[in-house]
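Residue numbers (UniProt numbering), protein chains in the order written: chain E, 1 to 406; chain L, 1 to 406.
Taking it in order: structure first as structure tokens, then the write-up.
Protein chains: 2
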Amino acid sequence: MANIKDRIKIEMLSTGDEVLYGQIIDTNAAWLSDFLFQEGIIITSRHTVGDNLSTLIDTLQERSLQNDILIVNGGLGPTSDDLSAQAAALANNESLVLHEEWLKSLERYFLNRGRAMPASNIKQAMLPQSATLIDNPIGTACGFKMKVNNCLLFFTPGVPSEFKQMIKNEILPEIKLNYPLTDSKLCYRLTTMGRTESDLAQEIDAILEIPENITIGYRAAMPIIELKATGPESQRSEMDKLWQQIKSIVNANLLYEGVLNELDESGLAHVVSKLLHDKNQSVVIIEQQSAGIISYQLLEADAPVIKSEIVPLLLDDPSSYFTKLLKEQGANIAIGIINFQEKNSQFTLIIATLKKVLHFNLKYIGRSQSKRTQQQVLAAIALDGLRRYLLDMPIIGANVWLEVME
Amino acid sequence: MANIKDRIKIEMLSTGDEVLYGQIIDTNAAWLSDFLFQEGIIITSRHTVGDNLSTLIDTLQERSLQNDILIVNGGLGPTSDDLSAQAAALANNESLVLHEEWLKSLERYFLNRGRAMPASNIKQAMLPQSATLIDNPIGTACGFKMKVNNCLLFFTPGVPSEFKQMIKNEILPEIKLNYPLTDSKLCYRLTTMGRTESDLAQEIDAILEIPENITIGYRAAMPIIELKATGPESQRSEMDKLWQQIKSIVNANLLYEGVLNELDESGLAHVVSKLLHDKNQSVVIIEQQSAGIISYQLLEADAPVIKSEIVPLLLDDPSSYFTKLLKEQGANIAIGIINFQEKNSQFTLIIATLKKVLHFNLKYIGRSQSKRTQQQVLAAIALDGLRRYLLDMPIIGANVWLEVME
């Protein structure tokens with residue numbers, strides 16, 4: 001009888017100089033880990049190498065000895081630096097053979113677009129002898145699977161839409177066949193603003209008894225901290241109890257619970273957008289130092305934004321500027337952060353309606369940050385201010401990085 | 001006599017659930033590869049694992065057998081999911097010992113900030129017995145180095161500013177001591193817009209004889225394609241000759257040569273900003289579908305932007321809207337892309353001065369893209385239009401994705 005291993009090792013192997021040298025961000029890696037996690041499958045590791053044939057061959061050999069399943073991404077294009085199929089063949093001492101079936105698909109693909117197939121694309125129909133083709137209904141790079149050193153390798157295209165479709169439709173079902181039934185994972189998340197990661201962690205470690213098998217993780221994207229508890233489905237009642245305790249600890253800084261959009265980069269904007277729609281309020285936005293980030297996040301969250309302005313210079317009379325734009329555009333609320341002063345990190349948050357203009361002189365007292373981070377912090381303060389305004393809460397919440405001036 | 005290996009293997013080991021599961025982007029990895037490349041040192045691979053003690057121990061063992069130098073990043077913080085020092089000690093069968101020297105630094109760090117050191121930070125002064133401390137003058141996580149299986153391991157903090165400073169000041173000099181003198185690399189780059197990667201690659205492969213040791217790489221960030229030739233310093237004359245030939249092939253689509261900013265994400269905006277300053281022209285920007293991306297890129301490139309507006313709704317009379325803003329703000333040029341229609345991907349590019357309003361009805365004819373990519377494409381078309389306007393070139397260049405309407 002076969003020996004069932006307690007943990008299947010699945011690695012993603014990302015290929016390409018532009019990924020190794022960080023010229024592009026490996027969004028496929030992020031997506032894959034998250035997608036498989038939701039399906040109860042845990043990626044154990046990720047490995048990245050460049051476009052070098054001998055390195056690729058060595059890596060396929062070595063990583064196939066270390067893993068049960070290897071998902072290889074990239075290197076299936078038509079150009080001379082796309083080497084995955086060739087490396088796979090050489091790693092297994094095989095030759096490349098022409099897959100007539102895929103060649104026909106390629107010719108059809110170009111015909112449908114009113115073009116002849118460029119000769120360079122023939123390469124995309126050449127697969128290692130032992131490989132089985134995996135269909136790509138939306139692109140020219142087919143995938144394939146094969147065994148090397150008893151590890152199951154899936155080769156996938158680098159284009160994100162093609163990669164995702166192939167993983168969902170073709171590869172996930174195969175992985176499930178090879179993956180033992182496991183206790184599926186529960187994952188609870190919440191998002192806070194205004195405290196540091198170590199400060200939160202220390203309070204939680206000190207007060208709570210965290211059961212074994214349950215892990216608490218933190219993710220900081222200044223000034224937002226996401227807190228996550230992960231544990232087995234079988235410990236749901238312990239998880240629920242712990243989660244209530246955690247929520248009471250973070251209560252003053254809680255922005256929202258759960259995940260609001262795929263990568264959760266602008267969850268706060270989604271919360272604000274929903275509040276604006278629910279309360280039937282429209283906004284105009286005025287930005288300076290944040291250079292459009294508040295507007296971009298709210299627009300992407302489909303908030304009722306009537307108009308947005310970026311005014312690079314300091315405003316002499318901000319209150320009347322806000323009120324004027326509010327009237328001109330017939331909006332309910334004007335919101336913005338303006339007049340940021342480099343020398344002392346002071347700035348003004350304004351939330352204006354036709355009835356009143358709320359005006360806060362604030363000072364950022366956290367450690368110095370990159371300009372981009374500083375912009376993210378200002379945008380988050382504005383969005384949180386608007387959230388609090390809409391919820392009838394004090395506009396400035398508990399926040400270790402902010403001092404209220406005057 | 002020692003046997004000198006022809007290639008030193010250097011791997012970066014990124015740790016952390018949030019990196020493995022793609023919740024944060026591994027910007028340290030991108031930065032490190034690029035920084036070392038500029039110094040003539042090539043990272044051979046990158047490996048990523050999560051915050052699991054036994055996986056970390058196994059990985060340190062295994063990767064130290066495969067490499068000469070391992071740069072480990074992350075897991076040095078004060079919280080319970082920071083496990084790097086503990087894993088390093090266990091991988092080498094050592095215990096953790098308190099470094100009094102670093103404990104004093106920590107106490108000083110907190111004292112200077114008017115706080116007592118939280119107890120959880122003591123952990124950051126516990127290092128494996130054989131480790132040598134590496135100073136971190138700006139944070140609480142010291143680095144350290146040690147040998148495992150004859151591989152030299154450097155442990156570094158995850159906070160980007162601390163990581164970069166430690167690599168530059170402490171680790172680079174040590175790597176150089178361990179790295180054989182190599183022929184340093186030449187890397188030429190140029191950036192194009194309006195052709196696809198495979199189209200460019202096919203023409204170049206067909207026309208040019210690429211010498212061995214010289215590699216041509218492509219990086220596509222829709223709609224921008226960067227082309228890069230890399231080869232040894234000793235082949236400079238072949239490189240120069242090849243580069244001239246490549247430039248004559250891409251000429252109609254060339255945006256600029258070289259690297260304009262660190263990650264080159266908005267090189268085009270930097271080109272436009274420089275032209276605006278050189279010609280003493282100021283701009284106002286009006287955006288709709290691009291939701292502020294044109295403005296953000298130009299502002300970040302320090303362009304003379306007087307004001308920027310994002311108008312979510314279609315404009316009835318765009319010409320007069322642009323002219324009005326131009327006059328009100330006393331700018332020289334009003335630029336923007338507006339009235340994007342989802343149903344047919346048509347939109348209008350306007351470049352207006354007080355003398356004339358240039359008005360182009362365009363249609364995007366590339367394949368369908370994510371909304372973010374679509375926004376990037378529109379922003380690039382606007383920026384390239386402005387660049388061409390400032391250079392007295394036809395506003396719409398050779399572009400396989402664009403059709404001029406009417």
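Virtual Cβ for every residue (Gly too), placed ideally from N, Cα, C.
For Q66 (chain E), the residues of chain L that pass the 8 angstroms Cβ criterion are E62, in the order they occur in the chain. Under a criterion of Cβ atoms nearer than 8 angstroms, the residues of chain L adjacent to K307 (chain E) are, in order, E309, I310, V311 and P312. Contact with chain L is found for H47 (chain E), since one of that chain's Cβ atoms lies less than 8 angstroms from the residue's Cβ.
Note on geometry: alpha-carbon atoms of M117 (chain L) and I204 (chain E) lie some 17 angstroms from one another. Straight-line measurement puts the Cα of V72 (chain E) at about 14 angstroms from the Cα of D58 (chain E). The CB of T192 (chain L) never comes closer than 7 angstroms to any CB in chain E; the least such distance is about 15 angstroms.
Classified as buried, K228 (chain E) has 16 or more neighbouring CB atoms from the shown chains inside 10 Å of its CB. For a cut-off of 8 angstroms, the C-beta gap from V305 (chain L) to V271 (chain L) is around 15 angstroms, too long to register as a contact. Looking at the DSSP output, Q235 (chain E) sits in no beta bridge, so it has no partner there. Annotation note: the region 34–67 of chain E contains the following uninterrupted beta strand (DSSP E) runs of length 3 or greater, listed N- to C-terminal: 45–49.
What P118 (chain E) touches in chain L, judged by beta-carbon distance under 9 angstroms, is S198, D199 and Q202, going in chain order. Within chain L, the residues whose beta carbon sits less than 8 angstroms from that of D205 (chain E) are T79, S80 and S120, listed in sequence order. Boundaries cannot be given for T353 (chain E), as no beta strand (DSSP E) includes it and DSSP labels it neither H nor E.
If you draw a straight line from the Cα of F144 (chain E) to the Cα of I138 (chain E), it is about 15 angstroms long. For R219 (chain L), the uninterrupted beta strand (DSSP E) segment begins and ends at T215 to A221. Collapsing the DSSP output to three states places K228 (chain E) in a strand. No Cβ-Cβ contact shorter than 8 angstroms links A89 (chain E) with F155 (chain E). For T156 (chain E), the closest Cβ of chain L is not nearer than 8 angstroms. In the three-state reduction of the DSSP assignment, Q341 (chain E) falls in the strand class, which pools E and B. In this structure, E11 (chain E) places its C-beta atom within 8 angstroms of the C-beta atom of T44 (chain E). Proximity of S295 (chain L) to chain E, defined by a Cβ-Cβ separation below 8 angstroms, is satisfied. The region 316–324 of chain L and the region 327–345 of chain E do not touch, with fewer than three beta-carbon pairs separated by less than 8 angstroms. Separation of M393 (chain L) and D384 (chain L) (C-alpha to C-alpha, rounded to the nearest whole angstrom) is 10 angstroms. For the options L:R113, L:D81 and L:I25, the alpha carbon positioned closest to that of W401 (chain E) is the one of L:R113.
For G231 (chain L), no chain E residue has a C-beta closer than 8 angstroms to its own C-beta; the minimum C-beta separation is roughly 14 angstroms.
Within the region 133–214 of chain E, the complete alpha helix (DSSP H) runs of at least 4 residues fall at 160–166, 172–178 and 197–207.
Annotation for Y256 (chain L): the continuous beta strand (DSSP E) segment containing it runs L254 to E257. Put simply, the CB of R387 (chain E) is far from chain L, with every gap to its CB atoms at 8 angstroms or more. Take F340 (chain L), set aside five residues on each side of it, and the residues of its chain with a beta-carbon closer than 8 angstroms to its own are Q288, Q289, Q346, F347 and L378, in chain order. Bridge partners of V72 (chain E) according to DSSP: E:L13 and E:F155. Contact note: D17 (chain E) reaches chain L through G217, using a C-beta cutoff of 7 angstroms and chain order. Residues T44, N67 and D68 of the same chain have their beta carbon placed closer than 6 angstroms to that of K9 (chain L), with the five preceding and five following residues left out of the count. Across the structure, T79 (chain E) and G50 (chain L) are spaced so that their CA atoms are roughly 34 angstroms apart. Distances from the CA of P180 (chain E) to each of E:L70, E:I41 and E:I351 were compared; the closest alpha carbon is that of E:I41.
Counting along the chain, L127 (chain E) sits inside the beta strand (DSSP E) bounded by residues M126 to P128.
G336 (chain E) sits in a strand when the DSSP states are folded into three classes.
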